[in-house]
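This report concerns only the one structure given below.
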Amino acid sequence: MEEITLITTDVADIQGKNIVEDAMDTGTIHTSLNWARSPMMNDELVGFKDVIEDLRYLLIRGTRGRDVISIVGMPGLGKTTLAYRLYSDRSIVSYFDIRAMCCVSQIYSRKHLLLAILRDVIGEDSKRRENHADELANELRKALFSKRYLILVDDVWEASAWDDLIGCFHDGNNGSRIILTTRNHEVANYARSESDPLQLRMFNDDESWELLRKKVFGDESFSPLLTKVGQKIAKKCGRLPLSIALVAGILAETEKKEECWEQVANNLGPRIHKDSRAIIEQSYQMLPYHLRSCFLYFGAFLEDSVINVSKLTRLWISEGFVKSCEGKSLEDIAKGYLENLFGRNLVMGTKRSSGGEIKACLIHDLLHDFCKERAAEENLLVSIKRRDQNTNPSSCVYCHKQLAHRMSIYGEDYHIGESSSYLSHVGSFIMHNRVHLTCRELSHIFYTYKFLKVLDLEFTCIDSFPTDLVYLRYLAAKTSKPSISSFIANCWNLETLIIHNDEGKMSVPITLWEMIKLRHLHISKCSFIIENAEELHENSKTLYDLKTLSTPCFSCVEDAELMLGKTPNLRELKCRVKGIDNFQYYVLNFPTGIETLKIQNANPKKKIPFCISAPNLKNLKLKYFHLHPQHLLGIASLQNLQVLKLECVYFKDREWKVSNGEFPQLKVLKLHNIISLREWTVHDDAFPNLEHLVLRHCYSLEEIPSCFRDISSLKSIVVRICNDSVDKSARDIWETQVEDYQNSEFRISITSKA
């Protein structure tokens with residue numbers, strides 16, 4: 032194993048010098064030459080079947096008073112996996128009015144935890160971040176009052192963290208529950224309410240092998256010769272799920288031959304289960320060079336416990352970790368890297384989109400610690416943390432300041448001035464969401480760190496923009512400024528620009544079209560307009576690299592087509608339209624490559640129809656539009672459409688007729704706040720591939736069409752605050768699907784009117 036590690040390291044060095052991707056060949060160990068490998072992700076929890084039913088019973092059939100369900104165990108035992116499994120269990124989801132979660136970890140702030148829970152309970156609100164912790168606690172207390180809630184509080188290290196939260200969780204004697212995971216039995220006893228804490232046991236041999244087999248092979252068949260050696264490997268992992276998952280990641284990259292697996296088994300020493308670091312180190316050494324950089328960056332530099340996949344991959348691109356590959360976009364390649372890390376069980380997905388794609392991910396705390404230690408050893412990072420104003424200064428973490436090229440600040444009481452000019456060479460600067468910047472500190476960043484490629488101030492409000500950071504590739508910030516004209520001039524290397532603005536409207540200069548490397552432009556919380564847009568006709572520049580764009584406001588068809596013509600390779604667009612007359616009978620042509628479109632009528636009182644041409648569209652969301660039969664027919668004919676969300680739309684004559692063969696690829700259909708729809712007629716051969724139906728606040732709808740009983744692909748129906756007749760039709764569909772067709776996986780969730 033030492034020889035293999037040395038060879039792997041040598042190959043990694045060669046890769047770094049020659050930028051040769053995935054060129055690993057270490058004898059019996061084989062790394063796929065594919066640019067991405069599909070992850071072996073299985074939503075089914077392996078093991079602990081003896082305790083899942085008991086915990087489910089405590090959650091939905093236990094005491095009427097508020098109860099705390101504590102899961103206690105050592106790191107890597109599967110506490111969080113089990114908790115997430117219960118949290119997302121369909122029968123549990125349908126029982127509670129509100130669900131929310133937060134991850135505490137070793138260094139936390141009360142404000143951060145309250146914001147995380149409020150985000151799930153009420154939704155995101157950037158202005159809320161300016162409130163004090165006591166104000167947030169009061170807001171959460173009011174939001175949960177009288178509701179039956181389920182709160183997951185993950186990874187609690189000390190009792191003080193519980194004290195910071197418990198006052199928000201009112202006991203309404205209605206069956207509310209809190210799931211708590213901790214390594215410390217004393218913490219579990221301290222938080223105990225009615226139920227005794229569950230001390231999670233180790234895996235048995237059968238569970239160990241079952242987990243290893245599923246992680247490596249999924250549902251695929253394999254040679255029986257691998258069973259015996261596989262069971263031996265599983266046993267050597269010490270019955271610890273994390274160790275088993277990591278070793279599975281190694282086996283997934285190893286030839287599926289008995290002698291190759293025997294070599295892995297022989298090199299898993301008897302003490303391996305006592306030293307997770309050794310397994311993590313081995314998994315790390317197996318990574319190709321570019322994946323090592325991505326993994327360390329995620330684990331060490333990004334302090335958030337859960338991160339949005341789009342943000343992570345954009346940061347990788349801006350850092351230069353992602354290399355171009357003919358015929359594939361950098362974004363697709365970066366997602367392939369992430370899928371590879373998923374497949375090796377080094378990263379976990381936590382949230383999926385309606386279409387099934389992973390939207391957010393995290394890494395285990397042991398892997399997180401490994402990355403931070405490795406980054407310190409390799410002088411990659413300055414990490415500065417503070418928990419609260421009263422935190423002991425000795426709790427700050429500094430890593431070889433003179434050599435580090437990335438700086439991460441995480442806390443509420445840190446002054447930029449503490450970092451002097453010896454860090455002027457820093458190339459990446461991230462301030463996490465609990466930092467306040469003074470004007471002096473902002474100027475210090477702009478004028479001291481001249482070589483910045485990444486500047487992430489996404490949750491920090493700034494009053495001015497950098498003008499001399501010519502190397503900048505990634506900028507995220509909050510501002511109340513009405514324009515970003517002064518910033519654009521010298522940022523010709525910028526690839527990602529994210530601006531949060533609560534003022535409702537912002538102007539963008541026409542010089543934006545000089546930023547030919549721009550890939551992602553997002554101005555959120557408001558709409559933006561182009562200054563002197565008419566001059567675009569004379570501007571020869573085109574943003575060929577732009578892939579995602581939000582949120583421009585189009586006042587007329589000409590403005591829309593002009594901008595769309597200047598962004599021919601868009602894949603995702605979120606926009607608003609406010610014109611009336613020339614949108615009335617006009618087909619708006621979108622770039623042929625666009626896959627996701629979210630479009631809103633900016634003037635809901637005006638009747639704007641919807642008619643587009645987008646042949647490769649997969650995901651469509653419409654809000655505040657009037658849909659006549661011809662418009663609905665146009666949407667239904669989109670051959671590649673997989674997700675359709677209609678919110679506050681108007682149906683002519685209060686009816687929707689769906690004919691045979693329409694929506695051939697649709698998998699997800701969501702209707703939200705559709706008060707005009709009364710009669711919904713669906714022919715038997717429509718929606719042939721539908722998997723999920725969601726109806727929210729459809730007060731006038733009479734019933735769900737009976738043909739949904741016979742859609743074999745259907746997996747779930749969610750009904751929220753609709754008529755009793757809609758509730759009944761959902762139950763009728765459930766009976767047919769489950770009792771007549773034996774579709775035991777089919778689920779319904781119904782929340783009736785109060």
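Okay, so the sequence shown: first residue is 32 according to the numbering used here, each after it adds one. Built from N, CA and C at the ideal position, the CB exists for glycine as well.
- When the beta-carbon positions are compared, V674 and K654 stay at least 8 Å from each other.
- With respect to the C-alpha of M546, the residue from E565, L574 and R762 having the closest C-alpha is L574.
- Going by DSSP, Q768 is part of no alpha helix (DSSP H) at all; its letter is neither H nor E.
- In this structure, K605 keeps its C-beta atom at 8 Å or more from the C-beta atom of A633.
- The Cβ atoms of S760 and I735 sit closer than 8 Å to each other.
- Closest in alpha carbon position to D576, among P622, S586, M537 and E534, is P622.
- Inclusion of R709 and S731 in the CB contact set at 8 Å is warranted, their separation being smaller than that value.
- Taken through DSSP and simplified to helix, strand or coil, V588 comes out as helix.
- Linking H456 to L412 through their CA atoms gives a straight-line distance of about 12 Å.
- Judged by pairs of C-beta atoms under 8 Å, the segment 245-254 does not touch the segment 117-131, as fewer than three such pairs exist.
- For the 8 Å CB-CB criterion, K701 and K676 form a contact.
- Under the three-pair Cβ rule at 8 Å, the segment 228-239 counts as touching the segment 259-275.
- Contact between C392 and I461 is ruled out by a C-beta separation of about 17 Å, above the 8 Å threshold.
- Taking 8 Å as the upper bound for CB-CB distance, L503 and L483 are in contact here, some 6 Å apart.
- If you compare the alpha carbons of I210, G107 and T112 with that of V99, the shortest gap goes to I210.
- The Cβ neighbour count for V618, taken over all protein chains shown within 10 Å, is under 16; the residue is labelled exposed.
- The beta carbon of H714 sits closer than 6 Å to those of S690 and N691, all from its chain and outside the five residues before and after it, given in chain order.
- Beta-bridge pairing by DSSP links W687 to W711.
- Its chain contains F496 as the residues whose beta carbon lies nearer than 6 Å to that of F518, once the 5 sequence neighbours on both sides are disregarded; these appear in chain order.
- In the three-state reduction of the DSSP assignment, G78 falls in the coil class.
- Inside the segment 619-682, DSSP marks whole beta strand (DSSP E) runs of 3 or more residues at positions 627-632, 650-654 and 674-678, from first to last along the chain.
- Shown here, Y180 sits in a strand according to DSSP, grouped into three states.
- Of the candidates C133, I310, K263 and A365, K263 places its Cα closest to the Cα of E293.
- Taking the Cα of K390 as reference, the smallest distance to any Cα among N410, A365 and S341 is reached at S341.
- Boundaries of the beta strand (DSSP E) harbouring C606: E603 to V608, taken from the DSSP string.
- Apart from sequence neighbours up to five positions away, no residue of its chain approaches S571 with a beta-carbon distance below 7 Å.
- In the DSSP assignment, the residues bridged to Q230 are V103.
- Residues of the same chain with a CB within less than 8 Å of the CB of F777, apart from the 5 flanking positions on each side, are L745, K746, S747, W765, Q768 and V769 in chain order.
- Within its own chain, the residues whose Cβ lies closer than 7 Å to the Cβ of T344, once the five positions on either side in sequence are excluded, are E362, A365, K366 and L369, listed in chain order.
- Residues R95 and R179 of the same chain have their beta carbon placed closer than 7 Å to that of G206, with the five preceding and five following residues left out of the count.
- When Cβ pairs closer than 8 Å are counted between the two stretches, the segment 347-358 is seen to touch the segment 305-325, the count reaching three or more.
- Proximity to C587 across A564, L580 and A147 peaks at A564, based on C-alpha coordinates.
- In the structure shown, G280 adopts helical secondary structure according to DSSP, grouped into three states.
- Put simply, of N620, D194, E603 and P635 the residue whose alpha carbon is nearest the alpha carbon of L628 is E603.
- Per DSSP, I541 is not a residue of any alpha helix (DSSP H), being assigned neither H nor E.
- Annotated as distal: L146 and R130, with beta-carbon spacing of 8 Å or more.
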